[in-house]
Structure formats: C-alpha cells, structure tokens
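Undergrad:
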Amino acid sequence: MTTSLPGDKDTLNTLLPLAPSSFFVLFALADGERHGYRIMQDVKVLSEGRLQMGPATLYTTIQKLSSLGLIEEIDSESNARRRTYRLTHDGKRLLDAELSRQRNVLLLARKKKIFQFGGQL
Amino acid sequence: MNLALRAGCRLFDCLLALYPVELRARYGGEMRQDFENLLEEASNQGLIAVAQVWLTTVKESIAVVGTAYSEPFALAASSVFAAAALFTATLLGFCTIGVSGTVQANTVPITQQMSPNAMQAGKLVPLADGRHMFLECSGDPSAEPTVILANGKGLGTADAWAKVQQLVPPSIRTCSYDAIGAGQSDHVQQPHPELRPIDQVVSEMHDLFQTAQLKRPYVLVGASAGGILIRRYQQQHPNEIAGLVFVDSAHEEQAWRIAAISKEFDPNWNNPESLRENGFLPDHQKLTWHADIPLIVLERTEKPPCSAFPGLSQQQCDALNDEWHNHQVDLAARSRYGQLRSVAGSGHIMHQQRPGAIAEAVKDVVREIQRER
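First to last, the protein sequences are chains W and X.
Just so you know, we're using our numbering here: the first sequence kicks off at 1 and counts up by one.
Just so you know, we're using our numbering here: the second sequence kicks off at 1 and counts up by one.
#1: Would you please verify whether the beta carbon of N37 (chain X) is less than 8 Å from any beta carbon of chain W?
#2: With a threshold of 16 other CB atoms inside 10 Å of the CB of E273 (chain X), please say whether the residue is buried or exposed.
#3: Kindly confirm or deny that the region 169-178 of chain X and the region 129-139 of chain X touch, where touching means at least three C-beta pairs closer than 8 Å.
#4: Any idea what DSSP makes of K215 (chain X), helix, strand or coil?
#5: Using beta carbons (cut-off 8 Å, strictly below), is I74 (chain W) in contact with chain X?
#6: Between the region 40-47 of chain X and the region 316-329 of chain X, do three or more beta carbon pairs fall short of 8 Å?
#7: By alpha-carbon positions, which one of X:Y337, X:S185, X:A225 and X:L331 ends up nearest to L195 (chain X)?
#8: My output table needs one value for T14 (chain W): the three-state DSSP class, helix, strand or coil.
#9: Could you confirm whether any beta carbon from chain X is found closer than 8 Å to the beta carbon of T57 (chain W)?
#10: Using beta-carbon positions only, say whether L281 (chain X) and S335 (chain X) come within less than 8 Å of one another.
#11: Is R300 (chain X) near H348 (chain X), with beta carbons less than 8 Å apart?
#12: Could you give the C-beta distance for N37 (chain X) and Y37 (chain W), rounded to a whole number, given that I count them as a contact under 8 Å?
#13: From the DSSP secondary-structure annotation, give me the bridge partner or partners of E136 (chain X).
#14: Output the distance between the C-alpha atoms of L16 (chain X) and R6 (chain X), rounded to the nearest integer angstrom.
#15: On a CA-only basis, which of W:L26, W:R101, W:S100 and W:R83 is nearest L68 (chain W)? Give me that one, please.
#16: Using 8 Å as the threshold, is the region 164-171 of chain X in touch with the region 203-217 of chain X, meaning 3 or more CB pairs across them?
#17: Taking only the alpha-carbon atoms, compute the straight-line gap between D159 (chain X) and L12 (chain W) and give it to the nearest angstrom.
#18: Given a threshold of 16 other Cβ atoms within 10 Å of its Cβ, counted over all protein chains shown, does N125 (chain X) qualify as buried or as exposed?
#19: Along chain X, which residues have their Cβ under 7 Å away from the Cβ of Y37 (chain W)?
#20: Between which two residues does the beta strand (DSSP E) containing S342 (chain X) stretch?
#21: From the beta carbon of Q52 (chain W), is the nearest beta carbon of chain X less than 8 Å away?
#22: Nearest-angstrom Cα distance between D34 (chain X) and P55 (chain W)?
#23: Could you compute how far the alpha carbon of A4 (chain X) sits from the alpha carbon of R367 (chain X)?
#24: Using the Cα positions of Y19 (chain X) and S61 (chain X), report the straight-line distance between them to the nearest angstrom.
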C-alpha cells in the first residue's frame with residue numbers, strides 16, 4: 001500500500017518539520033539498513049536517552065514512513081521474523097530537507113545571538 | 001525464558017490484540033519479538049528498567065489504541081495506572097481463548113464510570129462456614145426467576161456485570177457477586193483463587209445463593225470459564241436452575257481439542273487430575289451434559305487476530321478460531337430449546353463490549369420460563 005509521494009520538493013516540504021519519532025527513525029537509517037529493534041536502540045543513543053521508543057510507536061512510525069514511500073523493506077532470507085528497513089531516495093531527501101531546516105533555525109538563532117552552539121557565538 | 005518474562009510477553013500479546021488491525025497484521029510478529037528483547041534486556045538491569053519498559057509500553061498503547069477504542073478508554077484519561085489496570089484486566093479476559101480458560105471478565109471498576117443512581121447497593125453475605133461473599137442485586141426483589149451473573153471461578157467481581165445489570169429491565173431480579181478471593185469477598189491465601197477446585201467454587205455459590213435467600217428458580221449467566229462453572233452447577237443442582245445463558249463460554253473439551261492444534265498454550269493439557277479439578281475433560285473425553293431448559297449461547301464475532309498468537313501458523317490460528325466456534329454450536333445443541341446468537345461487534349469481553357446483547361438474552365430466557373409456567 002505504498003502511496004509514494006510525488007518527489008518534488010514542495011510535496012516533501014509539506015512534511016516538515018518532522019515529528020521526533022519520524023525524524024529519529026529516518027536519522028537512524030541514514031547510514032545504513034537496520035531492523036526494528038536496532039532502530040529502537042539507535043534512537044535511544046542518538047537522542048541521548050530522551051526519546052524512548054517502544055514497539056508501538058516504532059512500528060506505527062515505520063508503517064507511516066513506508067506508506068509514504070520514505071523507507072522500504074529489504075527482503076531478508078536468513079531471518080524471516082525480522083524485516084530490515086532502509087531509506088528510499090525520497091526518504092534521504094526528506095531527511096536532508098529536515099536537517100537543513102534545523103540547520104537554518106540554528107543559524108538564525110546564532111545570527112540573532114540568542115543561542116550558543118559549537119562553543120562560539 | 002523465565003516465568004516472569006513469559007508472563008510479561010503474554011500480557012503484551014494481549015495488548016497487541018487491541019492494536020489497529022493493519023498494524024498488527026503487518027508488524028505484530030516483530031513488535032512482539034522486539035518487546036521480548038526489550039523486556040529481557042531490562043530484566044538484566046533490574047526492576048526500575050523493567051518498570052520503565054512497561055510504562056513506555058502502556059503509554060504508547062494508549063496512544064495507539066486510544067483513538068480506536070475511545071469509550072473503554074474514558075478511564076485511561078484519569079491516570080496511567082488506571083489505564084494499566086484496565087489493560088491488564090481487559091486483556092486477560094480477551095486472551096482466554098486458547099489458554100486454559102480460567103480467566104474471565106474484567107476487574108475494572110466500571111462503577112467509577114457510572115452515575116451514583118445507577119449503582120446498586122451490594123452487601124456482604126456471611127456463608128455457613130464463616131466466610132463472607134459480596135453480592136449485588138438489582139430489580140424487583142419479589143420477581144422470579146432470579147438471574148445470577150457468574151464470572152469464571154477466579155478473578156471475577158460483580159463490577160464486571162454493572163453495564164448488563166443496568167440494561168436488564170427492573171422487573172427482573174438480577175444479582176452478581178464477587179467470587180471468593182476476588183473483590184470484596186473474603187480472600188484466600190492458598191491456592192490462587194483461579195486454581196481452586198471447581199466443585200468447591202460451586203458449593204460456595206450454592207451457599208451464597210441459599211444464605212442470601214435468592215428466590216428460586218435461578219437463571220445462571222456464565223462468561224468464559226463461567227460457562228463451565230454454571231453447567232457444573234446445573235448438573236449438581238438441576239432443580240434450582242430454570243435457564244442458562246452462556247457468554248462466549250469456554251468448553252469442557254477445549255483443553256485437549258486446543259492441544260491437538262498446538263501444545264503451546266497449556267503445558268498442563270494432559271494432566272487429567274488438574275483438568276478435572278478445573279472442570280475440563282481429559283484427552284478425548286466428550287462432554288455428556290445435556291439440559292432441556294431455555295438456553296441461549298452468545299458467541300463473539302470479533303476474533304482475536306493471529307498476531308495475538310505468535311508462533312502459530314495462520315492455519316493453526318484459523319483452526320483455533322474454528323474450534324471456538326464449534327464449541328459454541330455444540331453448546332447450543334445441548335438443550336432442545338437451545339439457541340445460538342452471534343453478537344456483532346463483540347469480542348470475548350461481551351459484558352463490556354455488548355452488554356445489551358446479554359441483557360436481551362436474559363430477558364428472552366426469563367420470558368420463556370415465565371411462559372412455560
């Protein structure tokens with residue numbers, strides 16, 4: 001039931017900003033494919049323990065991202081009980097868009113001198 | 001896997017059964033396995049970690065399930081813990097299919113959701129042996145027959161029937177009670193209420209009805225394992241019983257019939273002594289019970305999803321659901337007045353999900369009895 005998004009930039013932008021659960025699942029998959037449990041563990045590490053995802057949130061998110069064509073399952077023959085997921089082209093683009101959005105917000109904050117990051121104003 | 005872990009996973013399976021169908025169908029197996037891993041990892045880190053896993057899981061489940069089942073979740077808003085209790089109870093009930101069938105009904109204080117007027121005054125009745133049982137009756141005290149709502153023999157309380165009692169017309173006398181070991185009735189140290197021999201439970205019921213001077217004859221209504229209980233009662237005291245209603249009842253033959261599909265559910269399935277004590281029949285023994293009295297069998301139509309039984313193939317899961325249906329058909333044929341009704345929109349916890357269907361069946365059985373007299 002993949003209702004793949006028309007990949008133009010405007011459509012992707014309507015999904016921004018991403019909810020924390022969507023963002024971290026995409027983020028966890030940014031550097032390679034993973035199965036669900038590994039995503040859960042990575043999200044915990046990536047969010048420095050601030051986002052604790054259980055199976056319900058994780059698979060609701062996976063379901064949503066899959067139906068939007070942002071991630072996809074990889075056929076795995078060895079371990080049938082666990083599916084492995086990876087970013088699609090659109091998923092990568094959306095993550096990039098979200099990261100640059102975040103970066104722009106930070107740059108703006110830096111410009112306005114209301115937020116210190118990277119150790120320097 | 002140790003016992004606590006297994007119990008935890010079973011509880012999670014029950015939670016899973018409430019999740020939206022598409023989610024469960026597609027990801028049920030993975031969710032279950034991931035939960036198992038989470039719990040296993042947490043149990044190595046200690047109790048706090050385990051509690052954290054559960055807290056996250058319950059919170060998430062409320063979010064996932066809440067929108068789909070807004071009504072039963074009215075309570076959930078009050079606190080996470082109320083919600084946890086709701087889950088646990090609802091789920092245990094939901095899960096009785098396939099398991100030994102000794103968990104019934106819901107321990108949720110439904111009365112919390114009701115207006116004070118709707119509540120009936122219950123009372124503690126002293127039994128001949130000095131113990132006390134909690135009884136709650138509604139409707140015309142002089143009416144006959146008396147309708148008695150029975151949970152299975154373990155965890156049931158009168159509360160579970162509150163919605164049904166509200167919907168039965170006031171011209172009918174209807175009573176529910178807390179089983180020994182549950183709710184406001186006296187509690188027992190050993191064994192666990194669920195494991196008490198069925199004949200002892202029947203004799204306590206008999207004592208209670210007699211001491212409370214409930215007007216005979218009785219119409220017994222039994223949910224889940226309560227079905228087995230009220231058949232046993234009828235068998236032992238046939239003159240007291242004028243009619244029966246089975247609410248998605250368990251079946252005496254289910255232990256061995258389910259074991260024939262999968263032995264995973266009940267490792268004890270072939271222990272004749274323990275089966276008999278719990279009201280079940282040993283391997284390949286058939287139920288001989290028959291009673292030509294007004295009898296209505298209410299059957300659920302919402303089947304538990306196969307993802308609630310990880311480790312079972314689709315074929316086994318279908319066979320399990322078919323078997324449950326066959327049991328209901330069989331029970332309806334145990335009286336020449338027997339009637340089978342499929343209750344739309346109801347799962348196993350019919351007294352919560354479709355209390356109106358039970359009230360309707362009660363009304364019909366009572367009418368039938370009154371007409372015959």
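Don't be surprised by glycine CBs; every beta carbon is placed ideally from N, CA and C.
TA: Well, looking at it:
#1: Counted from its first residue, the second sequence places residue 37 (chain X) at position 37. Chain W, which has a Cβ nearer than 8 Å to the Cβ of N37 (chain X), makes this yes.
#2: Here residue 273 (chain X) is taken as the residue at index 273 of the second sequence, counted from 1. Looking at its Cβ environment, which holds fewer than 16 other Cβ atoms inside 10 Å, E273 (chain X) is exposed.
#3: With the cut-off at 8 Å, the region 169-178 of chain X and the region 129-139 of chain X touch.
#4: Along the second sequence, read from residue 1 onward, the residue named residue 215 (chain X) stands at position 215. Three-state DSSP puts K215 (chain X) in coil, outside helix and strand.
#5: In the first sequence, residue 74 (chain W) corresponds to position 74, counting from 1. Not closer than 8 Å to any Cβ of chain X, the Cβ of I74 (chain W) fails to qualify, so no.
#6: Taking a contact to require three or more Cβ pairs closer than 8 Å, the region 40-47 of chain X and the region 316-329 of chain X do not qualify as touching.
#7: Locating residue 195 (chain X) in the second sequence gives position 195, where the first residue counts as 1. Among X:Y337, X:S185, X:A225 and X:L331, the Cα nearest to that of L195 (chain X) belongs to X:A225.
#8: Working through the first sequence from its first residue, we reach residue 14 (chain W) at position 14. Secondary structure at T14 (chain W): coil, using DSSP grouped into helix, strand and coil.
#9: In the first sequence, residue 57 (chain W) corresponds to position 57, counting from 1. Taking 8 Å as the CB threshold, T57 (chain W) lines the interface with chain X.
#10: As a working mapping, residue 281 (chain X) is identified with position 281 in the second sequence. As a working mapping, residue 335 (chain X) is identified with position 335 in the second sequence. No; because the gap between Cβ atoms is not below 8 Å, this pair is not in contact.
#11: Position 300 of the second sequence holds residue 300 (chain X). Position 348 of the second sequence holds residue 348 (chain X). Cβ distance < 8 Å, so R300 (chain X) and H348 (chain X) count as in contact.
#12: Taking the first residue of the second sequence as position 1, residue 37 (chain X) is located at position 37. Taking the first residue of the first sequence as position 1, residue 37 (chain W) is located at position 37. About 6 Å; that satisfies the 8 Å criterion.
#13: Locating residue 136 (chain X) in the second sequence gives position 136, where the first residue counts as 1. X:G122 and X:S176, per the DSSP bridge assignment.
#14: For this step, residue 16 (chain X) is matched to residue 16 along the second sequence. For this step, residue 6 (chain X) is matched to residue 6 along the second sequence. Approximately 15 Å, taken between the alpha carbons.
#15: Locating residue 68 (chain W) in the first sequence gives position 68, where the first residue counts as 1. For the set W:L26, W:R101, W:S100 and W:R83, the Cα lying nearest the Cα of L68 (chain W) is the one of W:L26.
#16: Flag = no, the region 164-171 of chain X and the region 203-217 of chain X do not touch.
#17: Here the question's residue 159 (chain X) lines up with position 159 in the second sequence. Here the question's residue 12 (chain W) lines up with position 12 in the first sequence. In a straight line, the C-alpha of D159 (chain X) is about 51 Å away from that of L12 (chain W).
#18: Within the second sequence, residue 125 (chain X) is the residue found at index 125, counting from 1. Note that residue 125 (chain X) is Val in the sequence shown here, rather than Asn. Taking every protein chain shown into account, the CB of V125 (chain X) has 16 or more other CB atoms within 10 angstroms, so this residue is buried.
#19: If you number the first sequence from 1, residue 37 (chain W) lands on position 37. Against Y37 (chain W), the close residues of chain X are D34 and N37, in the order they occur along the chain (beta-carbon pairs closer than 7 Å).
#20: As a first step, residue 342 (chain X) must be located in the second sequence, where it is residue number 342. Its beta strand (DSSP E) spans residues G338 to V343.
#21: For the purposes of this step, residue 52 (chain W) is identified with residue 52 of the first sequence, where counting begins at 1. Cβ-Cβ to chain X under 8 Å: yes for Q52 (chain W).
#22: Residue mapping note: residue 34 (chain X) aligns to position 34 of the second sequence, counting from 1. Residue mapping note: residue 55 (chain W) aligns to position 55 of the first sequence, counting from 1. If you take the alpha carbons of D34 (chain X) and P55 (chain W), they lie about 7 Å apart.
#23: Against the second sequence, residue 4 (chain X) aligns to sequence position 4. Against the second sequence, residue 367 (chain X) aligns to sequence position 367. Their backbone Cα atoms lie some 48 Å apart in a straight line.
#24: For the purposes of this step, residue 19 (chain X) is taken as residue 19 along the second sequence, with counting starting at 1. For the purposes of this step, residue 61 (chain X) is taken as residue 61 along the second sequence, with counting starting at 1. For the pair Y19 (chain X) and S61 (chain X), the Cα-to-Cα distance works out to about 8 Å.
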